[in-house]
Amino acid sequence: MNPLLENFNTPFETPPFDKIKTEDFLPAIKAAITLAKTDIQKIKSEPIPDFENTIVALDHAGDRLGLISSIFFNLNSAETNDEIQALAREISPLLTAHSNDILLDADLFEQIKQVYSQKNQLALSEEQNTLLEKTYKGFVRNGANLKEDQKENLRKIDQELSQLGLKFGENVLAETNKYSLVVDDESQLSGLPDSIIEAAAQLADEKEQKGKWVFTLAFPSYIPFMTYADNRALRKDLFIAYNTKACKDDELDNKQSIKDMLKLKNQRVQLLGYDSYADFVLEERMAKSGTAVLDFLNNLLEKAKPKAIEEVKELEDYAKSLDGIDRLEKWDFAYYSEKLKKEKYEVDDELLRPYFKLENVINGVFTTANKLFGLTFIENKNIPVYHQDVTAYEVKDENGNHVAVFYADFFPRAGKRNGAWMTSYRGQKIIDGKDQRPHVSIVCNFTKPTKTKPSLLTFNEVTTLFHEFGHALHGMLAKGTYESLSGTSVYWDFVELPSQIFENWCYEKACLDLFASHYETGETIPSSLIEKIKNASNFQQGYQTLRQISFGLLDMAYHSTNPRLISDIHAFEQAQMKRTSLLSEVEGTLMSTSFSHIFQGGYAAGYYSYKWAEILDADAFELFLEKGIFDLETAKSFKKHILSAGGSVHPSVLYKRFRGREPKPDALLKRAGLI
1 MNPLLENFNT PFETPPFDKI KTEDFLPAIK AAITLAKTDI QKIKSEPIPD FENTIVALDH
61 AGDRLGLISS IFFNLNSAET NDEIQALARE ISPLLTAHSN DILLDADLFE QIKQVYSQKN
121 QLALSEEQNT LLEKTYKGFV RNGANLKEDQ KENLRKIDQE LSQLGLKFGE NVLAETNKYS
181 LVVDDESQLS GLPDSIIEAA AQLADEKEQK GKWVFTLAFP SYIPFMTYAD NRALRKDLFI
241 AYNTKACKDD ELDNKQSIKD MLKLKNQRVQ LLGYDSYADF VLEERMAKSG TAVLDFLNNL
301 LEKAKPKAIE EVKELEDYAK SLDGIDRLEK WDFAYYSEKL KKEKYEVDDE LLRPYFKLEN
361 VINGVFTTAN KLFGLTFIEN KNIPVYHQDV TAYEVKDENG NHVAVFYADF FPRAGKRNGA
421 WMTSYRGQKI IDGKDQRPHV SIVCNFTKPT KTKPSLLTFN EVTTLFHEFG HALHGMLAKG
481 TYESLSGTSV YWDFVELPSQ IFENWCYEKA CLDLFASHYE TGETIPSSLI EKIKNASNFQ
541 QGYQTLRQIS FGLLDMAYHS TNPRLISDIH AFEQAQMKRT SLLSEVEGTL MSTSFSHIFQ
601 GGYAAGYYSY KWAEILDADA FELFLEKGIF DLETAKSFKK HILSAGGSVH PSVLYKRFRG
661 REPKPDALLK RAGLI
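Following full-length UniProt numbering, the numbering of the sequence shown begins with 1 at its first residue and continues without gaps.
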């Protein structure tokens with residue numbers, strides 16, 4: 001039997017990773033599609049469609065297919081190989097075709113329309129009404145009202161888009177994995193901390209380069225080298241390698257894929273009656289329109305740019321006075337920034353690392369979640385995992401009730417894409433009166449332990465862990481009825497609120513005292529050091545804000561511009577970044593070809609969400625600061641209205657229920673030192 005098609009005889013019905021083979025996926029997907037079609041046929045055969053037999057039944061249809069697909073595509077991100085990638089190219093079109101079979105089914109849509117037309121007479125709850133609206137709009141927004149020839153065109157477009165997105169990600173991963181900077185002269189390691197040198201030597205051993213040092217484009221290797229290496233020429237080499245991923249006019253080049261995706265997206269939304277892809281996306285966002293997003297980003301730009309210009313000028317003067325650098329280049333920025341920060345605030349990553357042993361930070365996020373929400377995390381070695389680096393936990397509430405399964409996967413490897421993300425293997429819902437609890441995972445790329453040192457995190461890695469854990473809390477504490485409205489199934493410009501607000505605890509003494517202790521001496525992080533962390537938190541915030549705005553504006557430009565006008569990706573990117581670029585362009589570099597957030601992930605016409613959600617998180621955390629960062633009443637309200645509510649109600653309503661008013665931008669501007 002295929003283990004993916006059987007009931008999972010594992011703790012909490014978790015995926016049986018120890019039994020699943022790669023060859024199980026394709027037959028399981030095909031069988032699950034057949035089961036899902038049976039579910040749909042049953043809905044269509046209902047003589048009198050109503051909310052339960054049509055809308056709720058549709059929400060449950062294809063449960064097994066959703067479960068298998070989640071397992072497969074999560075592995076394709078976190079533990080992939082050539083075989084899985086080839087399978088993804090075969091499976092993705094099958095799933096796209098199946099999705100279109102449902103969304104373009106005229107008879108099924110007629111059943112939904114009948115229920116929708118009675119919505120004012122049905123006396124639905126808020127959550128039920130949201131599900132009905134979302135279901136009806138989902139069909140309309142995906143072509144249910146199109147003519148047959150238009151539906152066929154849409155099907156072809158979706159098939160091509162699914163393949164292009166996969167290819168984009170495969171190329172970025174391949175480019176990341178194939179590059180190594182091999183150093184054989186120890187003098188070229190000047191400036192690098194001992195821990196980074198040791199990690200590079202260990203990596204060299206793994207790559208059969210014994211006696212040398214290897215640096216890669218994975219974050220735990222790339223970022224420290226750019227931050228600390230005195231060798232300017234090697235910093236330049238590594239910078240150019242990182243910023244020329246998938247743009248070398250070879251078989252891994254993504255430029256044509258970007259143009260093809262933009263054209264197809266535009267054709268798709270024009271079929272549906274929209275002027276641009278951004279218009280289509282933003283209709284179902286808090287921002288509501290491209291105009292609102294651009295007004296938001298340009299308003300922030302106006303406030304941030306003068307400060308960013310001052311900061312860059314300060315750094316240029318500093319680099320010149322320190323090393324006679326006549327022109328500050330992009331490969332110099334992190335290096336001199338770290339030196340200047342240390343000089344101004346007497347704090348740097350290497351001073352902080354010893355206080356952030358990974359195991360202690362994990363305990364810190366768990367303890368913070370316990371103090372706020374009563375959660376307890378218990379490692380469970382009986383839960384199968386997909387890689388030896390992954391740890392599985394059972395999550396319980398204050399009464400000992402099961403809440404969720406939580407997977408943590410922290411270290412880089414060849415089969416894992418760069419970055420950090422939260423995902424789910426199974427969502428939360430109520431089915432047949434039983435609360436199905438979620439299976440949630442966070443995946444990161446942190447500094448690995450070496451032979452002499454444990455994994456010691458930079459402060460940025462600490463905030464990344466808290467960020468992804470905030471997403472995980474959103475998934476774990478879900479308390480909805482319908483899976484499509486549960487957990488992180490919310491508007492995209494609202495989904496970053498739980499993650500970004502959780503970062504704020506990293507700067508508070510009451511939280512840091514729980515876990516930040518020296519890995520050798522056990523000494524709790526000194527108050528003076530915490531004060532320095534807080535003082536340095538605004539360091540170069542103007543520049544960092546400008547950088548995020550530049551990505552948001554580039555994303556909006558790609559998805560608002562007629563694709564026929566985008567003939568040269570490099571020229572287009574340069575033109576869009578001109579207003580926000582304060583350092584000289586580096587010939588040949590291009591970030592768009594590895595901008596996975598918008599061309600592989602779900603952030604197309606949505607990258608602005610990070611800054612949008614910062615307004616929400618700063619405003620929301622201000623209430624915690626007023627009441628106390630571990631105030632149980634405030635935490636209970638945040639859990640009820642934000643973390644547990646999912647997408648059951650419009651996010652603007654949920655936010656006002658928590659905060660008592662609309663969000664104000666003042667807290668963010670103050671936190672960033674922009675007012």
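Using N, Cα and C, we set each Cβ at its ideal position, and we do this for glycine too. Predicted model only: the values in this text are computed from it and were never measured.
- Where D435 is concerned, the enclosing beta strand (DSSP E) starts and stops at 434 to 436.
- Contact annotation: L477 and L643 have beta-carbon atoms nearer than 8 angstroms.
- The DSSP assignment places 330 to 345, 349 to 352, 358 to 373 as complete runs of the alpha helix (DSSP H) inside the stretch 309 to 384, in order along the chain (cut-off: 4 residues).
- By the Cβ rule, the stretch 539 to 555 counts as touching the stretch 292 to 309, because three or more pairs are nearer than 8 angstroms.
- When secondary structure is reduced to three states using DSSP, W492 falls in the coil class, being assigned neither helix nor strand.
- If the five residues before and after N231 are omitted, its C-beta is found closer than 7 angstroms to the C-beta atoms of Q188, S190, all from its own chain and listed in chain order.
- No Cβ-Cβ contact shorter than 8 angstroms links E126 with V495.
- Each of K245, A246, T216, D279 was checked against the Cα of R235, and the nearest Cα belongs to T216.
- Under the three-state reduction of DSSP output, D409 falls in the strand class.
- By the Cβ neighbour-count rule, M1 is exposed, with fewer than 16 other Cβ atoms within 10 Å of its own.
- Every unbroken stretch of the alpha helix (DSSP H) spanning 4 or more residues and falling wholly within the stretch 523 to 581 is given here in chain order: 527 to 536, 541 to 560, 569 to 577.
- Taking the Cα of L328 as reference, the smallest distance to any Cα among V586, Y558, E133 is reached at V586.
- With contacts defined as CB atoms closer than 8 angstroms, A667 and A635 fail to qualify as a contacting pair.
- Secondary structure at T452: coil, using DSSP grouped into helix, strand and coil.
- With a minimum length of 4 residues, the unbroken runs of alpha helix (DSSP H) contained wholly in the stretch 616 to 664 fall at 632 to 638, 651 to 659.
- Judged by DSSP in its simplified three-state form, S190 adopts coil rather than helix or strand.
- Proximity of the stretch 441 to 454 to the stretch 405 to 421 meets the contact definition, three or more beta-carbon pairs being nearer than 8 angstroms.
- For the pair A613 and D493, the CB atoms are nearer than the 8 angstroms cut-off.
- In the DSSP assignment, I431 falls within the unbroken beta strand (DSSP E) covering 429 to 431.
- Under the DSSP definition of a beta bridge, H518 lacks any partner.
- Proximity to G165 across A536, S257, E316 peaks at S257, based on C-alpha coordinates.
- Rounded to the nearest whole angstrom, the CA to CA distance from A620 to D63 is 35 angstroms.
- The straight-line gap separating the alpha-carbon atoms of A218 and T176 is approximately 7 angstroms.
- Close CB contacts of V462 within its chain, under the 6 angstroms cut and outside five residues either way in sequence, are with F356, V361, C506 (chain order).
- Excluding residues up to 5 positions away in sequence, T423 lie with their Cβ nearer than 6 angstroms to the Cβ of N74 in the same chain.
- Across the structure, H98 and A304 are spaced so that their CA atoms are roughly 46 angstroms apart.
- For T34, the enclosing alpha helix (DSSP H) covers residues 25 to 44.
- Just measuring C-alpha positions, the residue of R671, E160, E46, A408 sitting nearest Y393 is A408.
- With respect to the 8 angstroms criterion, F139 and F72 are not classified as neighbours on the basis of their beta carbons.
- Using a 10 angstroms sphere on the CB of S528, the tally of other CB atoms stays under 16, which defines it as exposed.
- Going by beta carbons, F459 and I533 fall inside the 8 angstroms limit.
- Going by DSSP, S441 is part of the beta strand (DSSP E) stretching over 439 to 443.
- Per DSSP, reduced to three states, the secondary structure at T227 is helical.
- Between T450 and A199, the CB-CB gap stays under 8 angstroms.
- Where F459 is concerned, there is no enclosing beta strand (DSSP E), although the alpha helix (DSSP H) around it starts and stops at 459 to 476.
- For the 8 angstroms CB-CB criterion, Y386 and E79 form a contact.
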